[in-house]
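These notes are about the structure you will find just below.
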Amino acid sequence: MAAVTGLGGIGGVAPPAARLRARRGLGRGRWRELRWWRLAVLVVVGAYFLVPLYAALRFSFSTTTGGWSVSAWTSLPAAQGFGPAFLLSLRLALVATVLTVLLVVPAGLVVHLRLPRLRAVMDVATTLPIVIPPIVLILGLLAAAPPWLKATPYLLALEYAVLGFPFVYRSLDAGLRAIDHATLVDASRSLGGGWMVTFARVLLPNLRTAILSGTVLCVALAFGEFTMASLDQYQTFPVWIVNFDQSNSPQTSVAASIAALGVTWILLLGLSLLGGGRKRRPRQTDDAGGATP
Amino acid sequence: MTMVGRTLGRMEATALPHGGNGGTTVELLGLSRAYGSLRALDGLDLRLEPGELVALLGPSGCGKTTALRIVAGFEAPDTGRVLLDGDDTVALPPQRRNMGMVFQGYSLFPTMTAEDNVAFGLRLRKVSRTERRRRARELLELVGLEHHGAHFPHQLSGGQQQRVALARALAVEPRVLLLDEPLSALDAKVRVQLREHIRALQQRVGITTLFVTHDQEEAMSMADRVGVMRAGRLEQIAPPPELYAHPATAFVAQFVGTMNRVPVERRGDHVHLLGRRARVRPGSTVAGSAPAVALVRPEGLALTPDRHGEGIVTAMTFLGYVTRLEILVSAELALKVDRPSVETGGIAVGDAVRVELVDDDVLLTAAD
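These protein sequence lines map, in sequence, to chains X and U.
For our numbering, add 285 to where a residue sits in the first sequence, where the first one is 1.
For our numbering, add 27 to where a residue sits in the second sequence, where the first one is 1.
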């Protein structure tokens, strides 16, 4: 035992000073140059996103006579068909997202943990909903779906689940590749954890961000999807916007588009907060910088 | 007193799983496992006595990790049995085998603190929150990390993470401790410190331990017995000094430590080499009169400065107590000779020397 010395010195907490030194190493002039580049890129990207939004917003407050009015916004809630269409889109987005996550997460885990050879097949499969035209997907689903489902708008949720599959799977795949999931699973099982415990307490917390990223994309996709809903002749919110634009005030239609964007952003923000909200910090920070490597 | 000594002293009455109760007997009987046409294990037999630390050593692909994973329950053997105190565990899933395992890769759960990691197995066993916190803290103290319980894995160094993993494995009071190259990802200095730590803990706890490594220094320094594996079978299992001094086969001789290959002239059951007659040791693997070489350790050769000697010193490396000399005997034969440094003071590179065999028996293997 006498030979065992200095164990308290094994390991330690890496101080953030290294990052600071690396930054300083850039030099003041180089850093300033970098900051300019970053600012320039930020301005270009910001303009790309914000200019169309600004134009739409400005248009929604304009009148046909060249004046300004808030009537497009105030009349929106009372516009014919607005409420049902909005709620239908929200409901379909929710159902499609839950369906996609429930199907894709277990499937992705099984592929990664038990059938890794299928990963290549899944990689190809995830491209199919993107490259196959919507009408083909619809015809396929109509052929396969039970009659009771065809009679309801939830057929659309199934179609959106197919569309959302690549986004959720890819996001999950990236999350699984970022952790040594095989070792984590083995560690959990060796400590007494069954598959469900391992999934719920070990894998899920580590994949929360990846799953939420996929969920965010799936929600956005389902809420804004137009082609399939239009072909299936359901009055979802995007379909309502187009129909309303053709028969009523285009300003109201644009206001509805911006409102839809706002709702999607709020949903995404909520999901993001859900993803990052449970991060815990150490309860104590003793000798954080005092230990050796 | 060292830190481990102090912590072990403090922990004696409380935290130590088993408290040195002698551990469990582990028997691997006729284990075979094939992956397609590749036979990873080919009838492996191994017995670990209670409280013993056995290291499985071998080159990549020899089946040592497969054996460990079968004991852990992560893989099933094609044939064979794994007995713990006589009970066959092959049909049990890993979560019901009650084994502690430390992995090669960092296996701490990233979203849990060190303390939560250690308490994880206890939580699954429905130990009360207060009790599992107490035991987790005691085990962290045992591995010298009592002040790091609130840190997440990414806030710990590699060595610290492996110590937490060790504490986590011991927390569930396992019947057997399995170590799957737990030090291979660490730098050299931490590796040496941690292996001493693990060995001290294992001896104090008295837990039967199976340790897989490809690092012979680790195996030799930690294990009660070292098993050298080749192609899914045990070539030899013996205490480290015996394995080194009396390798049972040419493979073991060449795999463990440094070995010179010296051409021999065969005469019946004797051979001639370096101007001396020597017996052929059992375990030699040369058929009939096929060309053979003797396997001789660097310390199994002596040298004497001699102007008419057949060897020329081409290099000298000071290694502390010993100095390694490289001797060019002929165009085909260069030898490594280890001699106490105090004896090599009068020798310099370029000197002529006479090289002699120290032992009177040698292990033979087929010449290339």
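Don't be surprised by glycine CBs; every beta carbon is placed ideally from N, CA and C.
The beta carbon of residue 403 of chain X sits closer than 7 Å to those of 396, all from its chain and outside the five residues before and after it, given in chain order.
Residue-level contact check: residue 121 of chain U touches chain X, since one or more beta carbons of chain X fall below 8 Å from its beta carbon. For the pair of segments examined, the stretch 82-97 of chain U was found not to touch the stretch 154-166 of chain U: the number of CB pairs separated by less than 8 Å stays below three.
The contact set of residue 138 of chain U on chain X, defined by CB atoms closer than 7 Å, consists of 490 and 491 in chain order. In the DSSP assignment, residue 371 of chain X is bridged to no other residue. According to DSSP, residue 297 of chain U shares a beta bridge with U:294 and U:306. The stretch 474-482 of chain X and the stretch 113-126 of chain U touch, with three or more beta-carbon pairs separated by less than 8 Å.
The three-state reading of DSSP puts residue 468 of chain X in helix, counting H, G and I together. The beta-carbon separation of residue 340 of chain U and residue 352 of chain U, rounded to 6 Å, stays under the 8 Å limit for a contact. Interface criterion not met: the Cβ of residue 420 of chain X is under 8 Å from no Cβ in chain U.
Apart from the 5 residues on each side of it in sequence, residue 380 of chain X sits with its Cβ closer than 7 Å to the Cβ of 439 and 442 in its chain, given in chain order. Taking C-beta atoms under 8 Å as the contact rule, residue 203 of chain U and residue 51 of chain U qualify, at a distance of about 6 Å. Counting only the Cα atoms, residue 291 of chain U lies some 44 Å from residue 78 of chain U.
For the stretch 76-104 of chain U, the residues whose beta carbon sits under 7 Å from a beta carbon of chain X are, in order, 99 and 101.
At a cut-off of 8 Å between beta carbons, residue 496 of chain X makes no contact with chain U.
Residues are counted here when their Cβ sits less than 8 Å from a Cβ of chain X; for the stretch 228-262 of chain U the count is zero. Secondary structure of residue 556 of chain X (DSSP, three-state): helix.
Sorting U:64, U:186, U:56 and U:62 by C-alpha distance to the C-alpha of residue 75 of chain U places U:56 at the top. Contact annotation for residue 487 of chain X against chain U: 136 [CB-CB distance below 7 Å, chain order]. For residue 347 of chain U, none of the residues of chain X pass the 7 Å Cβ criterion, the least Cβ distance being about 16 Å. Residue environment analysis places residue 330 of chain X among the exposed positions, since fewer than 16 neighbouring C-beta atoms fall within 10 angstroms of its C-beta.
Counting only runs that start and end inside the stretch 98-152 of chain U, the beta strand (DSSP E) elements of at least 3 residues fall at 106-111 and 126-129. According to DSSP, residue pairing for residue 353 of chain U in a beta bridge involves U:342 and U:363. Using a Cβ-Cβ cut-off of 8 Å, residue 400 of chain X does not count as an interface residue toward chain U, since no Cβ of chain U sits closer than that to its own.
Residue 475 of chain X belongs to the set of residues whose beta carbon lies under 8 Å from a beta carbon in chain U. Your pair residue 175 of chain U and residue 188 of chain U does not check out as a contact, with CB atoms roughly 10 Å apart and the cut at 8 Å. Contact annotation: residue 191 of chain U and residue 183 of chain U have beta-carbon atoms nearer than 8 Å.
Pairing residue 330 of chain U with residue 382 of chain U gives a Cβ-Cβ distance under 8 Å. Considering only U:389, U:263, U:142 and U:171, the residue with the shortest C-alpha distance to residue 305 of chain U is U:389. In terms of beta-carbon proximity, residue 60 of chain U stays away from the interface with chain X, with every pair separated by 8 Å or more. The C-beta distance from residue 82 of chain U to residue 240 of chain U rounds to 6 Å, short enough to fall under 8 Å.
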